[in-house]
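To start, the structure under review is shown below, and the notes come after it.
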Amino acid sequence: MPTTHDLLSSVFGFDAFRPGQNEIVDAVAAGRNTLAIMPTGGGKSLCFQLPALMREGVTVVISPLIALMRDQVRALREAGVEAGALTSGNTEEETSAVFEALDAGRLKLLYMAPERLASGSTLTLLRRIGTSLIAVDEAHCVSQWGHDFRPDYLRIGALRKTLGVPLAAFTATADEETRTEIIERLFDGAAPEVFLHGFDRPNIHLAFAVKDSPRKQILAFADARRGQPGIVYCGTRAKTESLAHALSESGHSACAYHGGMEADARRTVEGRFQTEDGLIVVATVAFGMGVDKPDIRWVAHADLPKSIEAYYQEIGRAGRDGAAAETLTLFGADDIRFRRGQIDESLAPPERRMADHGRLNALLGLAEALGCRRQRLLAFFGETSDPCGNCDMCDNAPVLFDGTEAVRKALSAILRTGESFGAGHLIDVLTGNETDKVRQRHHNNLPTFGVGREFDRREWQAIFRQMMGHDLVRPDPDRHGALRMTEPARPILRGEAEITLRRDTISKATGRTVVKMLVAEEDAPLLSALKAKRRALAETARVPAYVIFTDRTLIEMAEKRPQTLDEIARINGVGATKLDRYGQIFLSVVTGAEVDPVHPTRRKLAGKSEASVYDRLLEVQAELARGEAGIDKPMSCSASLLAKVATLRQADMGALSRIIGDRRAERFGPAFLQVLREA
């Protein structure tokens, strides 16, 4: 059997391992469960590819993207290693070739997506081919995606136990919380051998900028690097196409890439990016993990990434050859709201969503950094460093001011309003804006009402953004985005600590155009929660989301915030059938509490004028159940009889007796008739 170094040289063409690789390769080759966190460009793939050649049987690699699998299979075949992938993008010929190689015992590495694990035939296949090791590439996806749109990631741990084979997981980014979840999900809580190697990529220049005509900002950044290959990340598919078109019109070689494109079109872009000089790919995050091009010279974010870990992953596509590379990340209030909405609409449990808000806060902290960005970024991953001299903060120091008083005012407003509101309402209180909502809740009588008039609305938005960046406040997913104060904020509120803020990002906030939202900022978290519930119901029923309720209906719910079944019945788009099926479910989302069951007969009256009559009849009946003196034999009408009385148009004793009978009419008749006359 060739030695590790023989294979490293003869197959992969390297004279020596990169720092940390050797010990990981030894652990994986020896069959020990392993979790390795290495920087992007640190050579993670080799740490499971090389051991696969040293072990008997087949190594199954679980990978998140078809492009990533194709890229690695292609590179392995070029190196003379038998490898294949079973993906939805395969041609019939490609799939047949993979099975032929497996049957012949030639294949050493088999790549597949986690979704394939759901098939019972996959387990049979993996047993038949002699699977001896499972490798999970981009293992942070177990935490980031496993709760939400790719739940099959959560099957990997069960597969490991069923097959009884070791598992090696690899990622470039995982904070302590994510590492804990990976261990729980993949290794059933039994600690694997963990290798943690530095996160620093000193060759990458880091820069952030507040959005101010973002298309012009991206075009200017690309123009200054004309002819160099780069990636522009966007938050939506539509934006990738419009921005790619704008870059092309400016004379750049540019194309769009997103998950909505046909497989052949995506494959064409991947091929062009690998072979063309100076191509710019404008993409969603579907692109980044799939391309391992060493000479990407720059990465720009037209929209804020979803978290600090996602940011680290995405900028890590640049400068993998070790040469200088540059990044630019644009951020603004509109895409912060967009990212908050994504978190709130997730199907993950509340504690996970709260943690995701914390990760987004960490990214905002990096965006609003007071000093060296690299120090701030590495600190998130538990590392320390000196100022790097290779970021925009080291190039030009920001304009700072003592923000202690402003932050205390904001924290006081949060507490005095019961930690029950988002930034929009709090800013109305601070600036003395007497909205209907402020007056209804008597917040115009609070001591904090109007104490923050020295800043306008957009400036206060920038201050709240920096407070989130310092993790002083977090949106509470269970309370539709209401801001909760964190422990680090308490010393500031008590006057035991001070805080410095950036004045430059506050001044740049003034006058910026804000994207029109579907609802007011204050109602956006509730709309996200309603959409998340709709999505869960739609997935269970296997129907499009709009079949449950349209966006227009959910928007009206978010704005009107119905508190009873009668109020929700008056929302446009809530018919009798949908009220019966979904009314109490969505009412519980709006109110944030479990809704007491309602009798089906009463539910049919919801939203109608007869509903209040029915309720009053029920009250009167309860008062007279044992007669006026309270000593008679109990008597009552059924729900269906009360409903008939509530709809009675001829309010006289004869009509009433025909419905409820003479005995009941004798006890309840006069009181019931009084209710009907008052209705």
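Each residue of the sequence shown is one higher than the last, beginning at -13 in the numbering used here. Heads up, the beta-carbon is just placed ideally off N, CA and C, and yes, glycines get one too.
- DSSP places Glu354 outside both helix and strand once states are collapsed to three, so it counts as coil.
- When the alpha-carbon of Arg588 is set against those of Leu551, Ala579 and Met621, the nearest one is in Leu551.
- In this structure, the straight-line span from the alpha carbon of Gly264 to that of Ile217 is close to 10 Å.
- Of the candidates Arg326, Gly318 and Pro280, the residue whose Cα lies closest to the Cα of Ala304 is Pro280.
- Around Ile485, the same chain offers Gly389, Thr390, Val393 and Ile478 as residues with beta carbons nearer than 6 Å, after the five sequence neighbours per side are excluded.
- When the five nearest sequence neighbours on each side are left out, the beta carbons in the same chain lying within less than 7 Å of the beta carbon of Pro384 are those of Leu356, Arg488 and Asp490, in order along the chain.
- The region 611 to 622 makes no contact with the region 566 to 576; the number of CB pairs closer than 8 Å stays below 3.
- Rounded to the nearest angstrom, the Cβ distance from His126 to Thr166 is 12 Å, too far for a contact under 8 Å.
- Partner residues in the beta bridge of Tyr243, as assigned by DSSP, are Ala269.
- With fewer than three CB-CB distances shorter than 8 Å, the region 236 to 255 does not count as touching the region 287 to 297.
- The C-beta distance from Ala353 to Phe194 rounds to 5 Å, short enough to fall under 8 Å.
- Here the C-alpha atom of Gly(-1) lies approximately 19 Å from the C-alpha atom of Ile10.
- For Leu314, there is no enclosing alpha helix (DSSP H); the enclosing beta strand (DSSP E) has its first and last residue at Ala311 to Phe317.
- Secondary structure of Glu262 (DSSP, three-state): coil.
- If you look at Val599, you'll find it in the alpha helix (DSSP H) that goes Ser595 to Glu609.
- The three-state secondary structure of His191, taken from DSSP, is strand.
- When DSSP reads this structure, Phe387 sits in a beta bridge with Leu487.
- Taking the Cα of Leu54 as reference, the smallest distance to any Cα among Gly561, Glu295 and Gly257 is reached at Gly257.
- At least 9 Å separates the beta-carbon of Phe441 from that of Val424.
- Assignment of Ala579 by DSSP, reduced to helix, strand and coil, places it in the coil class.
- Around the CB of Glu312, 16 or more other CB atoms lie within 10 Å, so the residue is classed as buried.
- Around the beta-carbon of Ile617, fewer than 16 other beta-carbon atoms lie within 10 Å, marking it exposed.
- Going by C-alpha positions, Val122 is about 20 Å away from Gly184.
- Counting only residues of its own chain and dropping the five nearest sequence neighbours on each side, Ile645 has a CB closer than 8 Å to the CB of Leu627, Lys630, Val631 and Leu634.
- Scanning Pro656, Phe535, Leu662 and Lys202 for the CA closest to the CA of Ala597 turns up Leu662.
- Nearest Cα to Glu124 within the set Cys33, Gly116 and Glu86: Cys33.
- Counting C-beta pairs closer than 8 Å gives fewer than three between the region 372 to 382 and the region 395 to 406, which falls short of the contact rule.
- Ser406 carries a coil assignment under DSSP once its states are collapsed to helix, strand and coil.
- Residue state for Cys377 is assigned as strand, using DSSP reduced to three classes.
- A check of alpha carbon separations from Leu96 across Ala38, Glu163, Asp372 and Gly569 identifies Ala38 as the nearest.
- Judged by beta-carbon spacing, Pro511 lies within the 9 Å limit of Gly327, meaning their Cβ atoms are closer than that value.
- About 17 Å separates the beta carbon of Glu337 from that of Ser514, a gap too long to meet the 8 Å contact definition.
- DSSP places Asp281 outside both helix and strand once states are collapsed to three, so it counts as coil.
- The criterion of a C-beta distance shorter than 9 Å is satisfied by Gly143 and Arg171.
- Secondary structure remark: continuous beta strand (DSSP E) runs of at least 3 residues inside the region 18 to 44, in chain order: 20 to 23.
- For Met639, there is no enclosing beta strand (DSSP E); the residue is part of the alpha helix (DSSP H) that begins and ends at Met639 to Ile646.
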